Amino acid sequence: MTGERTKRSNILGKYAFLALSLLCLLLPSCEADSSTAGAYYRRQGASRPAAKGRTVTKPIRGSVETPRRGRTRSTATSDHDSGEWDRYMAKFDIAHSHGAGIYVDLGGDATVSGKSYRMPTGKCPVMGKVLLLGNGADFLNPITTVDPQDRGLAFPETTAKDSKTQLTRRTPTRGRRQAPDEASISPVTAADLKRWGYNGDDVANCAEYANNIVPLAEQNTKYRYPFVYDAKDEMCYVLYTPIQYNQGTRYCDNDGSKDKGDSSMLCMTPIKSEVDAKLYYGSAFVDRKWKDNCPMAPVRDAIFGKWSNGSCVAMAPAFQEYTDSMEECASIVFENSAADLDIDKKADNFNEVTALTDGLTTVDLTKVAKALFTPLVNAGTSAKKSGGVGMNWANYDSRTGLCRVLDSAPNCLVINAGSFALTALSSPLEKDAVNYPCNIKTNGYVEPRTRSYSRGDDEFEVTTSLSKDNLKCSMYVHKKKSASCGTYYYCSPFEADEPEEKSFDWKRIAKYAAAFLAAALLLPCLLWVFRCLWRTKQDDDDACDYDRLMSKYEYSETAHGPAGRREQQLTSDAYIWGEAVARPSDVTPVHISKAK
802 MTGERTKRSN ILGKYAFLAL SLLCLLLPSC EADSSTAGAY YRRQGASRPA AKGRTVTKPI
862 RGSVETPRRG RTRSTATSDH DSGEWDRYMA KFDIAHSHGA GIYVDLGGDA TVSGKSYRMP
922 TGKCPVMGKV LLLGNGADFL NPITTVDPQD RGLAFPETTA KDSKTQLTRR TPTRGRRQAP
982 DEASISPVTA ADLKRWGYNG DDVANCAEYA NNIVPLAEQN TKYRYPFVYD AKDEMCYVLY
1042 TPIQYNQGTR YCDNDGSKDK GDSSMLCMTP IKSEVDAKLY YGSAFVDRKW KDNCPMAPVR
1102 DAIFGKWSNG SCVAMAPAFQ EYTDSMEECA SIVFENSAAD LDIDKKADNF NEVTALTDGL
1162 TTVDLTKVAK ALFTPLVNAG TSAKKSGGVG MNWANYDSRT GLCRVLDSAP NCLVINAGSF
1222 ALTALSSPLE KDAVNYPCNI KTNGYVEPRT RSYSRGDDEF EVTTSLSKDN LKCSMYVHKK
1282 KSASCGTYYY CSPFEADEPE EKSFDWKRIA KYAAAFLAAA LLLPCLLWVF RCLWRTKQDD
1342 DDACDYDRLM SKYEYSETAH GPAGRREQQL TSDAYIWGEA VARPSDVTPV HISKAK
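Numbering-wise (my numbering), the sequence shown opens with residue 802 and increments by one.
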């Protein structure tokens, strides 16, 4: 019997271990001639496919500009979170973090062959910036393409083999090795840049690569080429010209046809394209730590504000418009952002259109370069350098579609579900937005203050905060959901507001779904284990009954021959209908015969 109990315990232990293992598995918890340029370069590779232009719908201006309201608020330093906000908001001070134009970046100048030329100098790349050309070509196409309608602005397809002068590296630093002879200046792959020793991220590597391309005839010049990095195709393009904006009859065909004519190549305008949101336009001086020091992503559930009496107050807009999407709002703020654009092009008698036409006709890249490296910077001109100052920020409300464009740098954020704080530098895509900094708990005012408030003023100001203790509220405190930080608090003049639209917590839903699936899979397993245990118990009970009954019998192993067949014999106590005494008939043979 002891052996039977041990056997039963072993079976139960095995099933229990099997059930526990299944449970653990299922539950989630258990300007220069290209022939005289020096550069780092790669083997000739696949070029960007030619395109007939980039199709982008320009934003529809939905309302008349509203006058600027309110006044500039002085920065308050009394709030205990001001230090954290100073660190977080430093990158949004675009005049400091970028330091040049955004819509048009021509923030610097340098001398080449005795003449001074404008060039981009911004320290941050601009996401989604595309140059629309009057000839309809992709601006990343080389300028030497045979078909005039396919000529772009990228570096010509020049290699060391067919150049007048051997391409050389400017500064052999960090152990980079010389590229092979058969190499093009642009485009190059991100993988090749890393193989040549560039050790930053892809955008920083592309910027440094552009910084290393200089005219061989004047290697000491400070002039540098701009670049475009395509994060989708992982390709680095070096642009042959810094020109980003040319409009009017001097550059665009005056007969209304923009796909033909000599001037159409120089007819261009920049836009921010959601289709090409993964393009990074930048200068050769982009900060290597641009990801940390530049505002490259919109902020979700946030409103740009400024400090006032220890609270963050939403900023009054320079103008506002109703839009259909955040992408459209991003395009509007980009078109109105800082631009190094006001240039006196009549200060010299040089006709860049004629020079470009002659250069392309005679394949004289020197003339092409002179045309493409305009505008010139001459003494007495009124060339503008914005320094990054302009309307570079916007607050977008996804519920109403209101896009408020701002003209001064913010220094704090107000939490407000459904709002987005974006810049002219950042991605135009809503999906690229980052969450509100939930670790900073500050009282904020959702609407701009249009005038001074007195004690007798009965107009209510809605405030929000991630902390109930930080919320300044004299009326009713309510809870609200945000995609960034979950629950936050806001002050309302009403005791019972209308039900807020529920914010789906996809992580929590995924956990519940996983738990439900685990339970659904575990239940059949438990039923199977229970059934097996029940059958084992029945077999054990039957075995016990059999042993109890068979204990009443004696077995003779020798009385039934060598076959070992057992013959059951009743013991004396098995006679229950009579005495256990042998009767004569049991032992006396009786002879029975047939009667005669």
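Glycine residues also receive a C-beta, built at the ideal position from the N, C-alpha and C atoms. On a predicted model such as this, the values are computed, not experimentally measured, just so you know.
Separation of residue 1140 and residue 900 (C-alpha to C-alpha, rounded to the nearest whole angstrom) is 11 Å. DSSP places residue 887 inside the alpha helix (DSSP H), whose first and last residues are 883 to 890.
Taking the CA atoms as reference points, residue 932 sits about 11 Å from residue 1043.
Residue state for residue 1012 is assigned as helix, using DSSP reduced to three classes. Excluding sequence positions up to five before and after residue 1197, its CB lies within less than 6 Å of the CB of 1127, 1130, 1204 and 1221, all in the same chain and listed in chain order. In the three-state scheme derived from DSSP, where H, G and I count as helix and E and B as strand, residue 1031 is classed as strand.
Distance from the CA of residue 1119 to the CA of residue 891, rounded to the nearest whole angstrom, comes to 22 Å. Residue 1127: member of the alpha helix (DSSP H) spanning 1127 to 1136, first to last residue. The beta carbon of residue 1264 lies closer than 8 Å to those of 1112, 1244, 1245, 1246, 1247, 1272, 1273, 1274, 1291 and 1292 in the same chain, with the five residues before and after it left out. Residue state for residue 1071 is assigned as strand, using DSSP reduced to three classes.
Secondary-structure assignment with DSSP links residue 919 through a beta bridge to 910. Cβ-Cβ distances below 6 Å link residue 1312 to nothing in the same chain once the five nearest sequence neighbours on each side are left out.
If you look at residue 896, you'll find it isn't in any beta strand (DSSP E); it sits in the alpha helix (DSSP H) that goes 895 to 898.
One alpha carbon belongs to residue 1262, the other to residue 1008, and they sit about 47 Å apart.
Residue 1097 counts as buried, since at least 16 other C-beta atoms from the protein chains shown sit within 10 angstroms of its C-beta. Measuring C-alpha to C-alpha distances from residue 1236 to each of 1249, 1226 and 1218 identifies 1218 as the nearest. Restricting attention to 986, 937 and 1019, the CA atom closest to the CA of residue 914 is found in 1019.
Judged by DSSP secondary structure, residue 1196 falls outside any alpha helix (DSSP H) and instead within the beta strand (DSSP E) spanning 1194 to 1198.
Taking a C-beta distance under 7 Å as the contact criterion, residue 987 and residue 1027 do not qualify as a contact pair. Taking each of 1032, 922, 940 and 953 in turn and checking the Cα distance to residue 1011, the smallest one comes out for 922. Here the region 1022 to 1036 makes contact with the region 996 to 1004; the two share three or more CB pairs at distances below 8 Å.
Residue 1048 sits in coil when the DSSP states are folded into three classes, being neither helix nor strand. Just so you know, the alpha carbons of residue 992 and residue 1039 end up roughly 16 Å apart.
Taking 8 Å as the upper bound for CB-CB distance, residue 1072 and residue 1132 are in contact here, some 7 Å apart.
CA-CA distance, residue 1282 to residue 1289, rounds to 6 Å. Here the C-alpha atom of residue 958 lies approximately 18 Å from the C-alpha atom of residue 994. Sixteen is the threshold: when 16 or more other Cβ atoms of the shown chains lie within 10 Å of the Cβ of residue 955, as they do, the residue is buried. Per DSSP, reduced to three states, the secondary structure at residue 943 is strand. When secondary structure is reduced to three states using DSSP, residue 1241 falls in the coil class, being assigned neither helix nor strand.
Judged by DSSP in its simplified three-state form, residue 1271 adopts coil rather than helix or strand.
Residue pairing by DSSP places residue 1224 opposite 1194 in a beta bridge. Nearest to residue 1103 by alpha-carbon distance, out of 1224, 918 and 1094, is 1224.
For residue 1091, the enclosing alpha helix (DSSP H) stretches over residues 1091 to 1094. Burial is judged here by how many other beta carbons sit within 10 angstroms of a residue's own beta carbon; residue 1331 has fewer than 16 and is exposed. In terms of Cβ geometry, residue 1239 and residue 1108 do not form a close pair [threshold 7 Å]. Taking each of 889, 1013 and 1211 in turn and checking the Cα distance to residue 1195, the smallest one comes out for 1211.
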